Every structure is written in C-alpha cells, then in structure tokens.
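Protein sequences appear in the order of chains X and D. Per the numbering used here, numbering through the first sequence is continuous, rising by one, with the last residue being 321. Per the numbering used here, numbering through the second sequence is continuous, rising by one, with the last residue being 321. This report refers to the structure that appears directly beneath it.
Number of protein chains: 2
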Amino acid sequence: MNEFELIARLTKSLPTNQNVVTGAGDDCAVLDLGVPDKLFLFKTDAVVEGIHFKKNSPPEKIGRKALARCLSDIAAMAGTPTTALVTIGLPENFKPGFVEKIYGGMNALAQKHGVAIAGGETTTNPDRIFISIALLGTVGREKQILRSGAKAGDAIFVTGELGGSLAGKHLEFEPRLHEARWLAENFSIHAMIDLSDGLAGDLRHLLKSSRVGAELLKSTIPISRAAKETARQKPFTKPPFIAALTDGEDFELLFTVPGSDAVKLLDAWKKQFPKLRLRCIGKITADEGITIRNKSGAQPLTANGYVHFA
Amino acid sequence: MNEFELIARLTKSLPTNQNVVTGAGDDCAVLDLGVPDKLFLFKTDAVVEGIHFKKNSPPEKIGRKALARCLSDIAAMAGTPTTALVTIGLPENFKPGFVEKIYGGMNALAQKHGVAIAGGETTTNPDRIFISIALLGTVGREKQILRSGAKAGDAIFVTGELGGSLAGKHLEFEPRLHEARWLAENFSIHAMIDLSDGLAGDLRHLLKSSRVGAELLKSTIPISRAAKETARQKPFTKPPFIAALTDGEDFELLFTVPGSDAVKLLDAWKKQFPKLRLRCIGKITADEGITIRNKSGAQPLTANGYVHFA
C-alpha cells in the first residue's frame, strides 16, 4: 500500500464541522473562522532525517526546508502565511548547537515572509531528527485556489525548471508565495498545486480533483540543468525528460488559466518576474488521462509521478 | 541539556508578528486573527512509539492519546477545540489496519468534542510510529487563562487523582475541557496549566510564569489508586506521595483562584461534577519556591517534576 492508497483509506471517514470549507485532499485545509473577508489555510508537513535530508545536511538548510515546504503549500492556494508551530523530535544525544542552527534557518525564512513562530514542542525520536511544521495562513474569502477548478481548454503553466532537485534545490528552493498571489490577483487561475511529488504525479492529482485530462507538449517541459547534469553523470538512471516529469521536490507552481489568457499572462509574467521562467506546457482536455505530444504524435503518459511515501 | 533548557534557548529569538498575543511558553499559543469576540488557540503535540506508547499498545488508544494530549492543552486555557491536522510518520512495513485503528481512536475522540480533522500528512519515520497533532481552538477574547496570573493568597486546586498514570490512565484520560470552561465561566481563575510533567514540575512552570511561590499541604495531595498499587508492587521505587508529585501524564487541571472563593468553588464543583474530585492542595505565596507542610512543619520541595524529554 503506497502513500496515496493509505491516505484515501484514512480520509474517507474523518470527522468534520462547520468551520471546514475544504478538508483533506488539497494543498491546505481551508477554514472559515468567522472573519468576514478572510478564510484561513491550515497545513502540516514533516521532514525526516534520512528521508528528506541527510544526517550531515547543513542544519540551517534542514530548518529552512522544513518551513519552506509548508510555505509552498500556502503558495499553492495563493495564500499568505502567518503563524507556525514547530514540533521537533530529537535523538537523546542531540547536539544543542545543531538544533539551534535548524531553528536559525527556519527563523530566517519565517522572518523573510512575515511568519511568526509561536512555539511548538520538543520530544524524543530516538533514531533520527523529525521536524513537523504546522502553519496557518490567510486568503481572501472566495479567493483560495483549489486543485479542482481546471476546465477543458485551459492552458497549463509551470514555473521554474524541473527535475534533479535532490542535487541541491530541495534544500534551497524559494516558495513561490509572491508569484502565486500575483497570479491570483491578476488572472483567473482555475486550479493550482505545488510540485512536491513530481510533475506527472502532481498533474494527475490536479486532473483527478478537476475530473479532466491533459495534453502536454514534450518540447515545452522545462528541464533543469541539475536533471541534465545528473543524467550525464549517471547515464543508466532516468533521462532528463523523465527526471523533469517524475522527480519530486521541485516546489514549483503548476496551474491552469483559460486558454484565451495564455499569451497575456506570459507577457505580464516576463515583466513582473524576469528572472523566473514560466512555461505553458500544454492544455486541459475533457478526456481524462495525460497524453504527451511530440513531432511524431501523441502518446499516453505511463510514467507515473514518483510515488514517494513522504 | 534537558528539554526545558533546550526550549529556553530555542524560544529566545523566535520571529513574531501582530497576530501573536501569547507565543511560546504557555499551554497553547494565543492568536488574534481579527475576530471581534474571539481569540484563537494553536497547539502542536506529538506521541512517539517507545516513548509515549508501546509497540503493542492498542492502536485506538494510541490515536486517542495523541489527540487527547492536545485537547488537554486547550482545556488548560479554558478554550474550545475546533480543528485538527494529523501528521503521522510510519515505518515502511506499517500495517494499514493498525493505522486505520489509530485514526479510529482519534476520530471518535474528535467527534465527541466536535473537532474536525481537516487532513494532515503521512510520511516515513523508518524506526517507529510518530504522530504529531496540530490543533486550533477558540476562546472568548480576554477569557484565555494563562499560567502567569497566579497571585499571593490564591488557593491552589487540582482535579482528579495523581500519579501512576503509566499503569493505564495515560492512554485513557479524559481531557478536562468541560470542567475548564465551567471554571472560567463561573469563577475568577487566575492561572491554569494541565499536568503533563507531574504536579511538582508543572506547578513550578506556573509559579515561574507568575513569579510567585506555593505552600502545599501534604495530606491534601490526591494520590491515585494506581500510584499506591504501583508502590505496593515495586516497593523499591518511589512511594505513592512522590509518585503523585512527580509522575508525568496525569492530564488533570492545576489552577488557582482567590483564596476567598475557595469554599464557594468546592461547593459548586461538587454539585456540577459529583464524580470528579477537586482538591484544594495549598496556597500561592509571595516568596518563590515550593514548600510542603505536614504535621511537623514546612520543608522546601526538592523533588523536582519528572524532567522528561517529551
């Protein structure tokens, strides 16, 4: 049983109440706490030694990553993060200086985005460091962007470049908070998700929530230099294009807008964010499933996203 | 370095913002999210296999305990819990049925208290199950009860009976949510904390926050049957009175009210909660430190609360 099958079983019968606008199954939970013009976003995410970082990863980057992952989920709803709590499980022989540096990396990123760290909890996890972040954010009422709004004819966009994140980006990525809010304020974004499981996997999540399909244009998928470099160094692992489709932890934004807005969006983006690439990689189709088109025609995408249990 | 020393170092320089009314250092963080009549309580807490439960503990009780610990912290602020997220770290060979039962125990307790579980996150923790709960609650504006309000002359009260929780109560305790709200609505509660580290340790936390001391009356400390039974079975470990002072995970309420309200409170409590004992165990003093009085006089309490790294 993989992560997604387990989650499907566990989320079938979760208790709910009148505060919950959107529960399990999107990037964040959306809560109505009675503020007239705002909804609240609520998210938890964990990083674990040996899974999401190495024992010898720089501690500042470990802490930074732990928070950045949650921030990326707030970005995927076009929200603004406000308050975090930090739960850290430590082996008994932990080094206080190492833990302080983890917090240092976290605090610096929090400050950059105006996020308060209002406490949390320390506990024992005997074998490895385990960091769980709980994050609250806000979004204008009716302004939250879900995974479920994609429509046939939408253009599909992705920020940045994909694949090879494990070579370093996974510890240093910038959560696309400003970009997401700008998109939501200036365009009709139908659906959005952040890329944590890989383009193919996360696109499938978005398509499933929206009950539509997609056709991607192979030549437009932005492949990162790291993915190309990794393929050069390890020629028997996956080629760069497959890495861009299936590598996890890109933490870029994947979103759809009405096809008629595509050109206007690309023009406005280039002026607003000249240093960050935005690519139209295909379109939403009424038929479900993903096909990839290249010069010789279209074929169904069988390579699934990396189904990581994380 | 123990848990409390580490926390003191880590919480010195946490970033904050205008939403945070009370940050690290109380039972919950208190947030002002712009609702005119309400403040929000935000809490995370974790349970870890081999630390807070055993590999063969009944899974329903593991899930129940994970949530109940957080609910107890909401109770300590006289709040009402509303929405939880669940982060669960699982070894790769996890049994889906076991995990579903963990959620079953958690869901049942959530439903009992009207709490929604709005999602969360599954991840890998290779060696053991790790469950972190993030919980949001509400409390009337200016109605939150902190650790820091105790005043010299206050009477000190404790609910239930103390010590020996590891014999079973730690998996089955009832978070004192109703009792705490009734107290806050009907009496002037100056300070409150839930007992997770043991009476001596948690009283010290409350006294330190309030910058006062306490004199306890030895004969009034309510000792649980489990503490007495454990002492009978293991006569070379601590005597029952010391267990009641220092055992962790009682999850009872410890609070102070003006001394002049003590008798009225005891009378009203007996009518309201006839099945749950409430004991006045001493009084707040202007001099810092804890003394314990018995027939032969008063002596300083040196037995510290169990400083568990959890």
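Just so you know, even glycine gets a beta-carbon here, dropped at the ideal spot from N, CA and C. The structure presented is a predicted model; accordingly, all values stated were derived computationally and were not measured.
- The closest CA to that of residue 293 of chain X, considering only X/80, X/134, X/233, is found on X/233.
- Residue 290 of chain D is positioned such that its CB atom lies no closer than 8 Å to that of residue 216 of chain D.
- With respect to residue 117 of chain D, residue 152 of chain D sits apart: the two C-beta atoms are not nearer than 8 Å.
- If you draw a straight line from the Cα of residue 220 of chain X to the Cα of residue 37 of chain X, it is about 9 Å long.
- Taking all protein chains in view, the Cβ of residue 12 of chain D is surrounded by fewer than 16 other Cβ atoms within 10 Å, so the residue is classified as exposed.
- Residues of chain X with a Cβ closer than 8 Å to the Cβ of residue 67 of chain D do not exist; the shortest Cβ-Cβ separation is about 17 Å.
- A Cβ-Cβ separation of about 4 Å places residue 173 of chain D in contact with residue 255 of chain D under the 8 Å criterion.
- Annotation for residue 86 of chain D: 186, 187, 188, 191, 205, 264 place their beta carbon closer than 7 Å to its own, counting only its chain and skipping 5 residues before and after.
- Taken in chain order, the unbroken stretches of alpha helix (DSSP H) that lie wholly in the stretch 256-320 of chain D and span 4 residues or more are 273-283.
- Within the stretch 98-159 of chain D, complete alpha helix (DSSP H) segments of at least 4 residues are found at 107-123, given in chain order.
- Counting along the chain, residue 225 of chain D sits inside the beta strand (DSSP E) bounded by residues 224-228.
- Distances from the alpha-carbon of residue 223 of chain X to those of X/299, X/104, X/277 put X/299 closest.
- Here DSSP, grouped into helix, strand and coil, assigns residue 92 of chain D to strand.
- Close CB contacts of residue 251 of chain D within its chain, under the 6 Å cut and outside five residues either way in sequence, are with 234, 238, 239, 242 (chain order).
- Here residue 60 of chain D carries a strand assignment [DSSP, helix/strand/coil].
- Not one beta carbon of chain X lies nearer than 8 Å to the beta carbon of residue 165 of chain D.
- Around the beta-carbon of residue 179 of chain D, fewer than 16 other beta-carbon atoms lie within 10 Å, marking it exposed.
- Spatial neighbours of residue 30 of chain D in its own chain (CB-CB distance under 8 Å, excluding positions within 5 residues in sequence) are listed in chain order as 42, 43, 44.
- With respect to chain X, the C-beta atom of residue 155 of chain D has no partner C-beta closer than 8 Å.
- The stretch 126-142 of chain X and the stretch 84-101 of chain X touch, with no fewer than 3 CB-CB distances between them shorter than 8 Å.
- In chain order, 279 place their CB closer than 7 Å to the CB of residue 197 of chain D, counting only its own chain and leaving out the 5 sequence neighbours on each side.
- For residue 89 of chain D, the closest C-alpha among the options D/246, D/286, D/257, D/201 is that of D/201.
- Looking at the backbone, the Cα of residue 260 of chain D and that of residue 63 of chain X are separated by about 32 Å.
- Contact between residue 145 of chain X and residue 55 of chain D holds: CB atoms are separated by about 5 Å, below the 8 Å threshold.
- Taking the Cα positions, residue 105 of chain X is about 15 Å away from residue 69 of chain X.
- Taking C-beta separations shorter than 8 Å and ignoring five residues to either side along the sequence, the partners of residue 136 of chain X in its chain run 100, 101, 102, following chain order.
- With fewer than 16 other beta carbons inside 10 angstroms of its own, residue 108 of chain X counts as exposed.
- What residue 258 of chain D touches in chain X, judged by beta-carbon distance under 9 Å, is nothing: the nearest beta carbon there is about 18 Å away.
- Under DSSP, the beta-bridge partners assigned to residue 40 of chain X are X/53.
- DSSP, reduced to helix, strand and coil, places residue 25 of chain D outside both helices and strands of the structure shown, so it counts as coil.
- Around the beta-carbon of residue 92 of chain X, 16 or more other beta-carbon atoms lie within 10 Å, marking it buried.
- Residues of the stretch 113-137 of chain X that bring their beta carbon within less than 8 Å of a beta carbon in chain D comprise 114, 118, 121, 122, 125, 126, 127, 128, 129, 130, 131, 132, 133, 134, 135, 136, 137, in sequence order.
- Secondary structure of residue 15 of chain X (DSSP, three-state): helix.
- In this structure, DSSP gives residue 84 of chain D a helical state, which the three-state scheme calls helix.
- Per DSSP, the beta bridge partners of residue 167 of chain X are X/267, X/293.
- Going by DSSP, residue 202 of chain D is part of the beta strand (DSSP E) stretching over 202-205.
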